[in-house]
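**Q** Pasting a structure here, questions to come.
Residue numbers (the working numbering), protein chains in the order written: chain A, 535 to 855; chain B, 535 to 855.
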């Protein structure tokens, strides 16, 4: 829930003069997206999303993010297309922040996704992985396995404030994950944050993927593992194997997992749950109450971590060869 | 900044089936409107605003608010038109809240209005007053002069937390306003909250008025006085008489003020500043930090109160007969 930076009509009109999308007709701040300020923008040429990048996004990464969206859209992945400025660039400045305009995507994100949606997401994720294969830029994942311990060290002293015993519990999980993390798996462009609010549907058909601001280069199967966490747990934190099977089958209908990838799914899923536990825990402990940044409960992911601890094979998530 | 209630696609699709505006294509929560949850809604028939009325709006008032918008729109005032349901009603229920769909209005609200915009607002306000004359419903103003003292009594003990000496200062202002409040002036439908964020422009032309959720029956000139407060003070709280003159002239180009109304402008402006001082002060002292309801600084209106204290004639706001 956001809009950290407001903009005046004068600033915005001057900014729009750098584009070939006509004059300003309206803009309304939208209450979605947890990192940036987003506006639904109407111009004489139609409807767009205007994004102002806030401090949590590194400006140096923007050419990667926007270039990737452009690359994927041109390869037929349904995702927002960054609008080119008159000078050919994709990034401008507005109200002192880097800013970009992207096309508006119709569709609804599923507050309660069903197995049919999970299958579609799996398919779209694999298509994204294939389409990303020839994208020329790369970006190191700044929230991958090697980054978890430094993050944990900033939070461990206070972890028991969230739940007594948590410090010991997470420490053990983290060590186990670090020890069994695969050294090598097929890598490429991953979305890294493909939660339900980043996937739009029209009816049962997936209409687009959004929010590429965590995209990076990492194991492809790690992206699938993140989707298992984000899409296949119920509100009571039980794992729904029907949804897991649909997600993985959808993925494999486009890109079958290699044997080593399938074998790694349990540790990747556990690691992905650790990544979200740690960032949420860190935010939970450090962001003051009442700040505009949305704080998500880390316990949602601790519950997932506990589930993954008892899993030893991808088949337990619904995988079949 | 809002969206207090989120809605699922299933609930929304069922709600939309009560309307003749086709299937759902997208909805995005918007970060504007301080009292309700608002969404930009796309259906097969086009673009709309979906509003869920939160607890601060009395459900019994909705037929007045929505009926008024329908009445005004039909009389040519540019404001959102509530969309009729298949059963002919304007109000439904969604996610446990009363909800309505209104048409989407193009335009931009002026973060920094100029005199030309003030003139347009004055004109539109007078047109609204004339168009409201034959609206059959009425609604008592629940924030009029008689309501200020009860509100003040809930805040006065803690007023000095905002600024030392404030309790004595506001008490004196309130008594002075109560003593000199006019007994009788031309009355009718007033908007009562026509702040810049409730008025849209396309270029210099006013394209519409929104947010009728404070509308009520009161002195017409009181509405103009509220606009003097909302539109004609600079960010440093100085009064801009050029803007005041433009606002009043715009108003009088449609509906000239009676002599008694012009004579009452100073006390009405002072009273209107008191109304916003008191509601902001009350919210400031009672809403916890970090709540989603936006808290506005009461000192912005205390500064206005101090200005009005020294005014004795409408000409000092830019009025000419």
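Ideal Cβ positions, reconstructed from N, Cα and C, are used throughout, including at glycine.
Once DSSP output is grouped into helix, strand and coil, what is the label at residue 841 of chain A?
**A** If DSSP states are grouped into helix, strand and coil, residue 841 of chain A belongs with the helices.
**Q** Where residue 806 of chain A and residue 756 of chain A are concerned, what is the direct C-alpha to C-alpha distance, given to the nearest angstrom?
**A** Computed Cα separation, rounded: 7 angstroms.
**Q** When DSSP builds the beta bridges, which residues end up paired with residue 752 of chain A?
**A** DSSP output for residue 752 of chain A lists A:722 as bridge partner(s).
**Q** Pick from A:769, A:771, A:635, A:789: whose alpha carbon is nearest that of residue 552 of chain A?
**A** Residue A:635 is the option with its Cα nearest to residue 552 of chain A.
**Q** Per DSSP, residue 643 of chain B forms a beta bridge with which residues?
**A** Residue 643 of chain B is bridged to B:734.
**Q** CB-CB under 6 angstroms to residue 775 of chain A, same chain, minus the five flanking residues each way: which ones, in chain order?
**A** Here the set comprises 852.
**Q** Can you pull the chain A residues whose beta carbon is under 7 angstroms from the beta carbon of residue 615 of chain B, in chain order?
**A** Chain A residues near residue 615 of chain B: none, gap ~17 angstroms exceeds 7 angstroms.
**Q** Do residue 792 of chain B and residue 720 of chain B count as a contact pair if the criterion is CB distance below 8 angstroms?
**A** Going by C-beta atoms, residue 720 of chain B is nearer than 8 angstroms to residue 792 of chain B.
**Q** In whole angstroms, give me the CA-to-CA distance for residue 606 of chain B and residue 817 of chain B.
**A** Each residue's Cα considered, the two are about 31 angstroms apart.
**Q** Identify the contact partners of residue 764 of chain A in chain B, using a Cβ-Cβ distance below 8 angstroms as the criterion.
**A** The premise fails here: residue 764 of chain A is roughly 17 angstroms from chain B at the closest Cβ pair, so nothing lies under 8 angstroms.
**Q** Look at the alpha carbon of residue 843 of chain A and the alpha carbon of residue 620 of chain B, and state the distance between them as a whole number of angstroms.
**A** One C-alpha to the other measures close to 53 angstroms.
**Q** Taking 8 angstroms as the threshold, find out whether the region 768 to 788 of chain A comes into contact with the region 682 to 689 of chain A through three or more Cβ pairs.
**A** At 8 angstroms Cβ cutoff, the stretches do not touch.
**Q** Which term fits residue 691 of chain B, buried or exposed, when burial requires 16 or more other beta carbons within 10 angstroms of its beta carbon?
**A** When all chains shown are included, residue 691 of chain B counts as exposed.
**Q** Excluding the 5 residues flanking residue 543 of chain B on each side, which residues of the same chain have their C-beta closer than 8 angstroms to its C-beta?
**A** So the list reads 558, once near-sequence residues are dropped.
**Q** So, for residue 762 of chain A: in the same chain, excluding its five sequence neighbours on each side, which residues have a beta-carbon less than 7 angstroms away from its beta-carbon?
**A** For residue 762 of chain A, where only same-chain residues beyond five positions count, the Cβ hits under 7 angstroms are 778, 781, 803, 851.
**Q** On the CB-based measure, 16 or more other CB atoms within 10 Å of its CB, does residue 693 of chain B come out buried or exposed?
**A** Classification of residue 693 of chain B: buried, given that the 10 Å Cβ count is 16 or more.
**Q** So if I threshold CB-CB distances at 7 angstroms, which residues from the region 613 to 647 of chain B count as touching chain C?
**A** Chain labels in this structure do not include chain C; the protein chains are A and B.
**Q** Terminal residues of the continuous alpha helix (DSSP H) containing residue 775 of chain B?
**A** Unbroken alpha helix (DSSP H) run through residue 775 of chain B: 775 to 786.
**Q** Pull up the distance between the alpha-carbon of residue 766 of chain A and that of residue 670 of chain A, whole angstroms please.
**A** Straight-line Cα distance between these residues: approximately 32 angstroms.
**Q** Should the region 733 to 743 of chain A be regarded as contacting the region 628 to 646 of chain A, the criterion being three or more beta carbon pairs within less than 8 angstroms?
**A** In short, these stretches touch, since the Cβ pair count reaches three.
**Q** Over the uninterrupted alpha helix (DSSP H) stretch that includes residue 711 of chain A, give me the two end residues.
**A** Counting along the chain, the alpha helix (DSSP H) containing residue 711 of chain A begins and ends at 700 to 714.
**Q** Can you name the start and end residues of the alpha helix (DSSP H) that residue 653 of chain B belongs to?
**A** Run containing residue 653 of chain B: 649 to 666, per the alpha helix (DSSP H) assignment.
**Q** Applying the 10 Å Cβ sphere with the 16-neighbour rule, what's the burial state of residue 654 of chain B?
**A** When all chains shown are included, residue 654 of chain B counts as buried.
**Q** Taking only three categories from DSSP, how would you classify residue 630 of chain A?
**A** DSSP places residue 630 of chain A in coil when its eight states are reduced to three.
**Q** For residue 700 of chain B, which residues in the same chain have their Cβ closer than 8 angstroms to its Cβ, ignoring the five residues on either side in sequence?
**A** Counting only Cβ-Cβ distances below 8 angstroms, and skipping sequence neighbours, we find 693, 694, 836.
**Q** Check the Cβ of residue 754 of chain A against every Cβ in chain B and list those closer than 7 angstroms, keeping chain order.
**A** Within 7 angstroms Cβ-Cβ: nothing; residue 754 of chain A doesn't reach chain B, min ~29 angstroms.
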